[in-house]
Amino acid sequence: MGISEQCHCDEVTVQNSLGLHARPASQLVKLALTFEAEILFEKDGESVSAKSLMGLLMLSAGCGTVLKISATGDDGRTALEAMVELINRKFDEE
Amino acid sequence: MSVTHNIEKVFHATAASLGIAIGPALVIRELHKSYAEPEDKVIPPEDSDCEVERFNVALDQARDELEELRVRIQGVLEEREANVFDAHLMIVDDKMLMDEVEDMIRRHHHCAEYSFFKVVDRYVTAISVMPDPYIKERAADIKDVASRVLGLMLNRQGVALDKLTEKSIVIAHDLSPSATATLDREKVLAFVIETGSNTSHTAILARSMQIPAIVGAKGVMQDVENGDLLIVDGFVGTVIVLPEGDTRKLYEAKATREEKFYVDLMRESKLRSETTDGFAVQLAANLESLDEVESAIKFGMYGVGLFRTEYMYMTPGKRPGEEELFNTFRKLIAEINGKPVVIRTLDIGGDKLADNLGVINETNPFLGLRAIRLCLKQERQLLREQIRAILRASAYGNLKIMFPMVSCSEEIVELKSIMQECMGQLDREGRNFNKNIEVGIMIETPAAVAVADVLAEMVDFFSIGTNDLVQYTSAIDRDNEAVAYLYRPEHPAILKMINQVMEAARNKGIWVSVCGEMAGDPRYTPLLVGLGVHEFSMNSVAIGAIRRIIRKLSLHEAEEVAKRAMACRTSDDALNESLQLLAKISPDITELAFKGI
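Going down the list, the sequences are from chains A and B. Residue 1 is where the first sequence starts when you use this note's numbering, and the numbers rise one by one after that. Residue 1 is where the second sequence starts when you use this note's numbering, and the numbers rise one by one after that.
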């Protein structure tokens with residue numbers, strides 16, 4: 001794995017009351033699609049692409065769920081920070 | 001095609017709108033119906049590219065359609081809700097999903113639609129069993145989008161009902177009121193749906209659009225194919241699929257006969273609507289658009305007893321302002337030559353069409369924020385626009401204003417104070433209006449009936465909305481087929497309530513109209529006349545028949561019948577009192593009465 005392929009990881013807790021329902025999930029997908037990096041969300045050993053709405057919905061991440069996020073690629077670090085920030089901002093819902 | 005299909009088949013269901021139509025069927029298969037596992041065809045490896053391309057084309061088309069829809073709803077919905085719509089677009093763009101489908105086509109040689117269905121269905125199944133209700137609901141979104149894509153791949157496109165190319169009889173499982181309202185009257189000869197009752201809003205719309213219609217025709221979709229010749233008899237509720245030559249001749253003759261009957265009624269349109277002993281009843285029309293004025297005049301209406309303003313708010317993305325409302329009302333006045341017009345302020349909510357306003361989903365919309373409640377709580381600006389437009393138009397003719405769904409005197413106080421404010425403003429702006437405009441309310445809640453004596457002191461007229469009054473009094477949803485049999489305007493409870501309203505009105509010297517379906521149904525004419533109702537406001541097509549009955553009735557006899565009906569133990573007995581009198585005075589009308597106008 002080269003330096004550019006370095007994997008950036010972080011953990012984040014879903015804090016908005018309704019969890020990753022359709023609107024927050026689609027906000028995440030929209031944001032993920034602006035990056036080159038491969039971004040994965042992992043919950044209970046199951047991992048899905050952040051660029052797939054269906055995948056995110058399948059995670060069924062309600063409020064309080066801890067998600068592991070990993071981003072691999074040139075803009076991996078920025079991507080990871082952006083994803084974490086959006087989740088911590090509670091998707092501007094509350 | 002099997003041989004049995006060529007045999008004439010007859011369906012009996014509920015007649016919802018009069019008329020006979022003969023023509024080819026146009027069967028509308030609903031989109032959600034197409035969410036079903038398609039046939040699995042094997043695709044040879046050399047055709048994989050082609051098959052993947054076919055899938056991508058369908059996705060592109062679906063994306064275009066969704067984007068067009070999104071543009072159409074923009075400005076109507078809040079940005080937050082429009083975002084949910086983005087979710088639909090994202091499903092079409094879902095990379096993971098596309099990869100999986102491609103994989104199934106290339107490596108497992110399944111056809112595109114089967115692969116797509118299989119992949120999507122795995123998600124749908126997983127998501128629909130999730131404990132979180134907010135996520136669970138998304139399964140419906142995915143199905144919705146998937147049906148669209150499947151439909152495109154299978155060439156089962158949704159038919160644009162407002163853009164038909166040839167005259168047809170529309171067959172569908174259900175037609176929403178908004179879909180019904182956009183039907184092309186020139187091309188749709190009739191429609192038959194599997195759901196609904198003859199008091200559902202779709203049925204009411206069919207009558208006002210004068211499109212023959214049959215509702216509650218369960219199973220009809222299974223036995224009709226596109227292009228099959230059909231006969232629809234909207235007088236009795238019969239659908240005949242692939243009629244034989246003789247049957248067709250029979251119905252052509254019947255159509256001619258019915259037409260003659262109506263032509264005869266039209267000839268009487270200038271005669272006075274007065275009982276044999278001189279009690280005059282005004283026969284007015286319920287209208288919702290200027291397009292209907294011409295035919296209503298032909299049918300001999302005395303005035304407009306109810307002008308509905310909801311329909312002006314129905315075009316998606318459009319919300320008429322004060323000027324547009326004012327211009328519509330002015331045109332209406334000009335077109336009907338000084339006849340009286342009652343304009344009702346917005347009556348949206350419940351079963352009405354509210355795509356355009358930010359109406360929240362309520363678990364019990366009929367008991368929720370509808371009509372005047374919605375206006376007073378959420379849409380004050382809209383209410384002011386309506387009141388100002390009505391007031392301004394009142395300078396040009398005999399205009400009255402009416403408020404729907406009033407359930408207590410406080411609402412009238414509040415409405416009157418808003419009217420006062422509007423009048424003050426108009427004065428300051430130097431605009432003309434009728435300072436003594438008549439103000440009326442709809443009586444459609446049992447509470448309003450119980451305090452009718454109090455309300456009568458506050459307004460100039462009442463208009464009894466029997467459809468809602470029956471629903472609220474008997475606690476039944478008229479669109480719910482399981483309880484629709486309890487929808488009985490002839491229920492002695494309803495007759496007593498109308499009587500109570502009439503007494504309160506007589507004591508205070510105000511006039512009363514009935515503007516529900518009861519007013520245009522010949523079976524109830526003796527009862528309403530007997531109760532002393534001053535004005536019947538109905539779909540203009542019914543005016544002729546009602547006039548003929550009134551001219552043969554005597555007030556004295558009708559009063560006796562109403563009194564006896566109120567004292568009956570059952571609805572059947574009450575209705576029988578009325579029907580017996582009808583049979584005596586006008587046998588030809590009785591035939592019509594049983595046809596369930």
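Note that CB positions come from ideal geometry on N, CA and C, so glycine has one too. All figures in this text were calculated on a predicted structure; none of them were measured in a lab.
- GLY430(B) sits away from PHE462(B), with the two beta carbons spaced by 8 Å or more.
- Distance from the CA atom of GLU102(B) to the CA atom of LEU67(A), rounded to whole angstroms, is 29 Å.
- Residue nearest to ARG185(B) within the set MET209(B), ARG70(B) and ALA25(B) is MET209(B) (criterion: CA-CA distance).
- Annotation: GLY73(A) has no Cβ neighbours in chain B at a cutoff of 9 Å; minimum Cβ distance is about 15 Å.
- TYR485(B) is classed as exposed because its beta carbon has fewer than 16 other beta carbons within 10 Å across all chains shown.
- Look at the beta carbons and you see the segment 38-56 of chain B not touching the segment 15-25 of chain A: under three pairs across the two are nearer than 8 Å.
- Those residues of the segment 87-108 of chain B placed with their C-beta closer than 7 Å to a C-beta in chain A are ALA87, MET90, ILE91, ASP94, LYS95, MET96 and LEU97, ordered along the chain.
- Annotation: GLU46(B) to ASN480(B) spans about 54 Å, alpha carbon to alpha carbon.
- Scanning chain A for C-beta atoms nearer than 7 Å to the C-beta of ASP141(B) yields ALA22, reported in chain order.
- ILE372(B) and MET405(B) have their C-alpha atoms spaced approximately 6 Å apart.
- In the DSSP assignment, the residues bridged to MET538(B) are ALA285(B).
- Identification of chain B residues near LEU53(A) by a Cβ-Cβ cut-off of 7 Å yields ALA87, MET90, ILE91 and ASP94, ordered along the chain.
- Among the residues of chain B, those whose CB is under 7 Å from the CB of VAL29(A) are MET90, following chain order.
- Per DSSP, LEU26(B) is one residue of the beta strand (DSSP E) stretching across 20-28.
- Counting C-beta pairs closer than 8 Å gives fewer than three between the segment 214-225 of chain B and the segment 496-503 of chain B, which falls short of the contact rule.
- Interface residue (Cβ-Cβ distance to chain B less than 8 Å): SER70(A) is not classified as such.
- When the five nearest sequence neighbours on each side are left out, the beta carbons in the same chain lying within less than 7 Å of the beta carbon of PRO526(B) are those of LEU553, ALA558, VAL561, SER578, LEU581 and LEU582, in order along the chain.
- Comparing C-alpha distances from VAL241(B) to each of LYS254(B), ALA255(B) and ASN226(B) shows the shortest one belongs to ASN226(B).
- Excluding five sequence positions before and after ASN432(B), the CB atoms of its chain that fall closer than 7 Å to its own CB belong to ALA395, given in chain order.
- Ranked by Cα distance from GLU411(B), the options ASN434(B), ILE401(B), LEU455(B) and CYS422(B) are led by LEU455(B).
- Within the segment 14-86 of chain A, the runs of beta strand (DSSP E) at least 3 residues long that lie entirely inside it are, in chain order, 38-43, 46-49 and 66-72.
- Residue burial is scored here from C-beta neighbours: CYS9(A) has fewer than 16 other C-beta atoms within 10 angstroms and is therefore classed as exposed.
- Chain order gives no chain B residues near MET83(A), where near means a beta carbon separation below 7 Å; the closest approach is about 16 Å.
- Residue environment analysis places GLN6(A) among the exposed positions, since fewer than 16 neighbouring C-beta atoms fall within 10 angstroms of its C-beta.
- Under the Cβ distance rule, SER49(A) counts among the residues neighbouring chain B, one pair being separated by less than 8 Å.
- The closest CA to that of MET442(B), considering only GLN222(B), PRO24(B) and ILE464(B), is found on ILE464(B).
- Per DSSP, ARG308(B) is not a residue of any alpha helix (DSSP H); the beta strand (DSSP E) it occupies stretches across 303-308.
- Counting along the chain, HIS110(B) sits inside no beta strand (DSSP E), nor does DSSP assign it H or E at all.
- For THR256(B), the enclosing alpha helix (DSSP H) begins and ends at 245-267.
- A Cβ-Cβ distance of about 6 Å is found for the pair ILE333(B) and ALA393(B), placing them in contact under the 8 Å criterion.
- Out of ALA203(B), ARG63(B), ARG106(B) and ALA13(B), the CA that lies nearest to the CA of ASN539(B) is found in ALA203(B).
- Between the segment 513-527 of chain B and the segment 467-475 of chain B there are three or more C-beta pairs closer than 8 Å, enough to call the two in contact.
- LYS339(B) sits away from GLY305(B), with the two beta carbons spaced by 8 Å or more.
- Between ILE39(A) and SER47(A), the C-beta spacing is not below 8 Å.
- Straight-line measurement puts the Cα of GLU113(B) at about 29 Å from the Cα of PHE41(A).
- The Cβ neighbour count for ARG344(B), taken over all protein chains shown within 10 Å, is at least 16; the residue is labelled buried.
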